[in-house]
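Residue numbers (the numbering used here): 400 to 585.
All C-beta atoms, glycine included, are put in the ideal place defined by N, C-alpha and C.
None of these values were measured; they are calculated from a predicted model.
Read through the structure below, which is laid out as structure tokens, and then see the notes.
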Amino acid sequence: MNMHVKVWVGGCLAAAVAAAGAAWFTTAQDAGSTTHAVCGPDLGRDDVVAARSQAVAVVEAVENTRYREDGGSAYLTTRVKTLEALKGEFADTVHVTQGVKNGGAPGRYLTEDPDRYAVLEPGRRYVIAVQSGSTTGTAGTEAWAWYAEPAERGLVGEREHWQEAIASPPETAAGSACEDIDAPAG
């Protein structure tokens, strides 16, 4: 056999062995679960949201003041009226920016997770958690809301719920590193 044929045949055999190994690994996985990476804090847990946020408040959205697209991302800034500061300090009125899907139009903005990151709509109440920025209300400043959920418990109910979440920090570190987790399929 000439050298080129040997290299070609050897390469094909290595590819076949690798494909067979991958097929075995895939079928050997438990069909009832999947593995995926989780990056960042679990915003599905209010204790984690409270622990990892600079500030938390119940607000009423007053008006969407600016929409912009930058580098493939889209942002919506909303002027909100603070109904109750639950963690940190909030001015009476604050400008809050959040990430939204590109191509939005007034009243038609969307996010990837509307249950934990609702688009702030004028006239509605929300619990927001601020990750960075200013909540002083000073002209030209804004806060970055990384969590926004409709305030469905009422003002007193939200206060009680979030005071408990703030007072009960998570037992495990609420880090932002990526980790693999196994989750049930479905």
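Identify which residue in the options has its Cα closest to the Cα of residue i.
i	options	result
Ala528	Lys500, Tyr508 and Thr481	Thr481
Tyr589	Ala460, Tyr474 and Glu459	Beyond the ends of the chain as shown, which are 400 and 585, falls residue 589; an answer cannot be given.
Val495	Arg507, Arg552 and Val457	Val457
Ala490	Gly498, Tyr546, Gly532 and Ser472	Gly532
Ala538	Leu485, Glu488, Thr492 and Ala460	Thr492
Glu462	Arg478, Glu557, Gln562 and Lys486	Arg478
Gly522	Asp445, Glu459 and Thr540	Glu459
Gln497	Ala484, Gly556, Thr535 and Glu548	Glu548
Glu468	Val526, Gly443, Val499 and Lys486	Val499
Arg524	Leu554, Trp545, Leu509 and Glu541	Leu554
Gln530	Gln562, Leu509, Lys486 and Thr464	Lys486
Ala544	Asp446, Arg444 and Val455	Val455
Gln453	Ser567, Glu488 and Pro568	Glu488
Arg558	Tyr516, Val526 and Arg507	Val526
Trp561	Asp514, Tyr508, Glu483 and Pro513	Glu483
Would residue i be called buried (16 or more neighbouring beta carbons within 10 Å of its own) or exposed?
i	result
Glu511	exposed
Leu519	buried
Arg451	buried
Val448	buried
Glu551	exposed
Glu570	exposed
Ala542	buried
Thr464	exposed
Thr535	exposed
Asp445	buried
Ala564	buried
Ala517	buried
Give me the DSSP bridge partner(s) of residue i.
i	result
Ser472	Asp469
Ala504	BP columns for Ala504 are empty, so no partner.
Glu459	Lys480 and Arg524
Val493	Val479
Gly443	None; Gly443 has no bridge partner.
Gly498	Tyr474
Ala449	Its beta-bridge partners do not exist; DSSP assigns none.
Against chain D, with Cβ distances strictly below 8 Å, would residue i count as a contact?
i	result
Lys486	In the displayed structure, chain D is absent; only one protein chain is listed.
Look up residue i in the DSSP assignment and say whether it is helix, strand or coil.
i	result
Ala427	Because Ala427 carries a pLDDT of 42, less than 50, the predicted location of this residue cannot be relied on, and the following value inherits that uncertainty. Looking at Ala427 - three-state DSSP - the assignment turns out to be helix.
Ser432	Confidence at Ser432 is low in this model, with a pLDDT of 48, below 50, so its placement is unreliable and the value that follows should be read with caution. Three-state DSSP puts Ser432 in a strand.
Ala454	strand
Leu485	strand
For a minimum of 4 consecutive residues, which ranges assigned as the alpha helix (DSSP H) are wholly contained in the region 507 to 576? 553 to 566
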